[in-house]
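Take the sequence shown: its letters are residues 294 to 535, numbered as in the working numbering.
Think of the CB as a built atom: it goes at the ideal place given N, C-alpha and C, for glycine as much as any other residue.
The structure appears below as structure tokens.
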Amino acid sequence: EQTLILGFVFAGGGKPTLVCGVGPNMSETVNGYMRDPQLTLYTAGGSEVASNDNWNGTDALSTALAQTGAGPLVAGSKDAALLETLTGSVYTAHVTGVNGTTGVALAAAYDANLSDKTKRLTALSVRNQVGVDDAILIAGFVIAGDRPKQVIVRGVGPGISTVSGYLRDPQLQVWKLDTVAGKWTLAGENDDWDHTATTAALFKAAGMGELAGDSKDAALVLTLEPGIYTAQVSGVGRTTGV
């Protein structure tokens, strides 16, 4: 239940997508990185679409990494990556360590054909163990275009209480990157969501699961300018859990 799972949703149907499971590429910045991640992609129904252990530095993947802004991977590294033309709307990518090894890993999904505006990534979710310091849960996302967009960002623990060891009191922060100054600024934060009918209606309209009216789950409704963001989930009082 502590496997890193990245879920993502398309509006309008699937399209060419780059999916990565990264460990060694973070070796200079993250303590305890996963030394040999493996990546498996599934449909919403649980059918395996594709898998990869080591990405092998192929030309197609190198080009996709550059075009999407994902950043390069070292040729011959044990990082994992897939470039697939997807046809469905909902997928999950699972990152695990070869032979049961553990460590800090990055799971990522990128639209590999931005010129096709009829289909787009609209939702992203990550389920994993939330630790402390370098091991908190961080989800990065990019808003493209020239107009602000309203987004819902949630940090859910009690809302997945069917999972053993769930995080009992998550707190959430959203940060925006100032690309000129190279600094991050706080765009919003929340400990317990506001429990209002208005916010609950927004969850439903976006296809999100319900949260209990008295839960300690965290949620933010924000209108964000185009740019690069991270949503960071940690436990109140340095508590840990899924």
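Which of helix, strand or coil DSSP assigns to residue i
| i | result |
| --- | --- |
| T336 | strand |
| L495 | helix |
| A432 | strand |
| L354 | helix |
| G364 | coil |
| V529 | helix |
| A304 | strand |
| G314 | strand |
| G520 | strand |
| P330 | strand |
| G369 | coil |
| G534 | strand |
| A359 | helix |
| A505 | coil |
| A490 | helix |
For residue j and residue i, believed in contact at Cβ under 8 Å, the rounded distance
| i | j | result |
| --- | --- | --- |
| T333 | A405 | Going by Cβ atoms, the distance from T333 to A405 rounds to 19 Å, so no, they are not a contact pair. |
| T415 | F496 | The pair is not a contact, with the Cβ atoms about 15 Å apart (cut-off 8 Å). |
| A331 | I431 | Reading off the sequence shown, one finds Gln at residue 331, where the question assumed Ala. Contact flag wrong, Cβ pair sits at about 21 Å. |
| L358 | P365 | 6 Å |
| L297 | N392 | Not really, about 16 Å apart at Cβ, beyond 8 Å. |
| G520 | G528 | 27 Å between Cβ atoms; not a contact. |
| L407 | G307 | Not a contact, Cβ separation roughly 14 Å. |
| A511 | L470 | That belief does not hold up - the Cβ atoms of A511 and L470 are roughly 21 Å apart, past 8 Å. |
| L504 | W486 | 6 Å |
| A373 | N347 | 7 Å |
| A368 | G350 | 3 Å |
| A445 | A499 | The amino acid occupying residue 445 in the given sequence is Ile; Ala does not appear at that position. Contact flag correct, Cβ pair sits at about 6 Å. |
| G452 | G502 | 7 Å |
| G390 | D329 | 6 Å |
For residue j and residue i, the rounded distance between their alpha carbons
| i | j | result |
| --- | --- | --- |
| L324 | A398 | Looking at the sequence itself, residue 324 is Asn, so the reference to Leu does not match. Approximately 11 Å between the Cα atoms of the pair. |
| G481 | D462 | 18 Å |
| A492 | G530 | Note that residue 492 is Thr in the sequence shown here, rather than Ala. Roughly 26 Å separates the two Cα atoms. |
| G300 | D507 | 26 Å |
| G316 | Y326 | 5 Å |
| V342 | E377 | 9 Å |
| A402 | Y522 | 15 Å |
| F434 | T411 | 20 Å |
| T311 | S370 | Here the sequence assigns Leu to residue 311, which means Thr is not the residue at that position. Going from the Cα of L311 to the Cα of S370 covers about 17 Å. |
| C313 | S382 | 18 Å |
| H387 | V449 | 19 Å |
| V467 | S344 | 31 Å |
| Q295 | A400 | 14 Å |
| G438 | T394 | 40 Å |
| L417 | R447 | 11 Å |
| H488 | P441 | 25 Å |
| E287 | D484 | Residue 287 lies beyond the stretch modelled for the chain, which goes from 294 to 535, so this question has no answer here. |
is_contact[residue i, chain B] using C-beta, thresh 7 Å
| i | result |
| --- | --- |
| D484 | Judged by its chain identifiers, the structure shown contains no chain B, having just a single protein chain. |
The ligand SAH heavy atom lying under 6 Å from the CB of residue i
| i | result |
| --- | --- |
| V423 | Absent from the structure shown: the ligand SAH. Ligands present: none. |
Enclosing beta strand (DSSP E) for residue i [first to last residue]
| i | result |
| --- | --- |
| L513 | 511-517 |
| L479 | 476-483 |
| L460 | Looking at the DSSP string, L460 is not in any beta strand (DSSP E), and its letter there is neither H nor E. |
| V425 | Note, V425: premise wrong, no beta strand (DSSP E); not H, not E. |
| N345 | 341-345 |
| I445 | 442-448 |
**Request:** Pick out the complete beta strand (DSSP E) segments inside the segment 377-415, 3 residues or longer, and give them in chain order.
**Result:** 383-390, 399-404
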